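Going down the list, the protein sequences come from chains U and R.
The first sequence maps to residues 1 to 93 in the working numbering.
The second sequence maps to residues 1001 to 1143 in the working numbering.
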Amino acid sequence: MAKIIIPTPLRKFTGNQATIEVDAIDIRESINALSSLYPDLKKQLFDDAGEIRQFVRIYLGDEDIKVLNNEQTPVTQDAVISIVPAIAGGITN
Amino acid sequence: MKLLLNKDLMDKMADHALGSYPMECCGFVFGKDQPDGRIITEVHTTTNSQQGDQRRRFEVDPRDYLKAERYALENEITLLGIYHSHPDHPAVPSKHDLKQAVPFFSYLILSTEKEQVKKTTSWQLYHQQFEEEEIVIKTNLKL
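Structure follows, in structure tokens:
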């Protein structure tokens, strides 16, 4: 089972679970399985077009899936997938 | 919500903010989220990875973020939020801070001048608006 690490800002959508295990062959299937388990999480991860939101990054191990094969990146049974929210800010102007 | 932390952790954030001046600094705060308040037990500095003007912008590298979440899991603590400095600006969230904010996190802001941190505040996002949190500084907080 691949393990998904849920960032603390999204844990209210997973019943405060920090990690979730899913049985999937690639990233897309992993995230879909997670969304099926926790439907309220789905709209936090996907936009209306069904694409992963701009402010959300998905990492497989230490690599951004964008430099792998995006959502088609295969996952192994011992894979660790991380959902990473964009963290930024600063003074306006 | 109330934030409790020992003075040495507040000093660590202040030292980071002053050492980074006039650039913005940023880092992580970890601890326990309890019904009667949050206790900050650790402060970790991180790198401002913003590629543009760091005097008015900060950004956390996603790899640093995922390391912070892993650290919290391994040590059975919670990543409670993010601190950053506002060089020569008030310790209030900007429109940019609001646009980028995520729920749950405490956002600590240090208003910094060249020689001193003038004020530190903390904010949490509720219904797309920031609400200020009370910061309680202790000298011998039992963790």
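From the three backbone atoms N, C-alpha and C, an ideal C-beta is built for every residue, glycine too.
Keep in mind that this is a model prediction, so the values were computed, not measured.
Chain U within 8 Å of residue i, Cβ atoms only
{"i": "Pro1129/R", "result": "Sequence check: residue 1129/R is Gln here, not Pro. No, because no Cβ of chain U sits closer than 8 Å to the Cβ of Gln1129/R."}
{"i": "Tyr1065/R", "result": "yes"}
{"i": "Glu1069/R", "result": "yes"}
{"i": "Thr1079/R", "result": "According to the sequence provided, residue 1079/R is Leu. The question's Thr does not apply to it. Taking Cβ atoms only, chain U reaches closer than 8 Å to Leu1079/R, which makes this a yes."}
{"i": "Thr1035/R", "result": "Note on residue identity: the sequence assigns Pro, not Thr, to residue 1035/R. By this cut-off, Pro1035/R is not an interface position."}
{"i": "Leu1005/R", "result": "no"}
Reference residue i; option with closest CA among the options
{"i": "Lys1002/R", "options": "Lys1142/R, Trp1123/R, Leu1141/R", "result": "Trp1123/R"}
{"i": "Thr1047/R", "options": "Ile6/U, Ile87/U, Ile91/U", "result": "Ile87/U"}
{"i": "Gly15/U", "options": "Leu34/U, Ile58/U, Asp48/U, Arg53/U", "result": "Leu34/U"}
{"i": "Gln1034/R", "options": "Asp1097/R, Ile1077/R, Ser1085/R", "result": "Ile1077/R"}
{"i": "Glu1069/R", "options": "Ile31/U, Leu68/U, Asp62/U", "result": "Asp62/U"}
{"i": "Leu41/U", "options": "Asn32/U, Glu71/U, Phe13/U", "result": "Phe13/U"}
{"i": "His1016/R", "options": "Val1092/R, Lys1114/R, Gly1037/R", "result": "Lys1114/R"}
Neighbour-count burial assignment, residue i, 16 or more Cβ in a 10 Å radius
{"i": "Ser36/U", "result": "exposed"}
{"i": "Asp47/U", "result": "exposed"}
{"i": "Pro1022/R", "result": "exposed"}
{"i": "Asp1011/R", "result": "exposed"}
{"i": "Glu1134/R", "result": "exposed"}
{"i": "Ile25/U", "result": "exposed"}
{"i": "Ala79/U", "result": "buried"}
{"i": "Asp1053/R", "result": "exposed"}
Range covered by the beta strand (DSSP E) that runs through residue i
{"i": "Ala79/U", "result": "Run containing Ala79/U: none; DSSP gives neither H nor E here."}
{"i": "Glu1133/R", "result": "1129-1138"}
{"i": "Lys1002/R", "result": "1002-1006"}
{"i": "Ile58/U", "result": "56-60"}
{"i": "Ser1106/R", "result": "1106-1112"}
{"i": "Leu1202/R", "result": "Only positions 1001 to 1143 of chain R appear in the structure, and residue 1202/R is not among them; the question remains open."}
{"i": "Ser1049/R", "result": "No beta strand (DSSP E) holds Ser1049/R; DSSP gives it neither H nor E."}
{"i": "Asp1064/R", "result": "No beta strand (DSSP E) contains Asp1064/R, which is instead part of the alpha helix (DSSP H) from 1062-1074."}
Proximal chain C residues relative to residue i, where beta-carbon distance stays under 9 Å
{"i": "Gly89/U", "result": "Annotation note: the requested chain C is absent from the structure, which comprises protein chains U and R."}
Cβ of residue i within 8 Å of any chain R Cβ
{"i": "Ser82/U", "result": "yes"}
{"i": "Gln39/U", "result": "Looking at the sequence itself, residue 39/U is Pro, so the reference to Gln does not match. Closer than 8 Å: no."}
Check each residue of the segment 1081-1093 of chain R: if its Cβ is closer than 8 Å to any Cβ of chain U, include it; give the result in chain order.
Taken in chain order, the members of the segment 1081-1093 of chain R whose beta-carbon sits within less than 8 Å of a beta-carbon on chain U are Ile1082, His1084, His1086, Pro1087, His1089, Pro1093.
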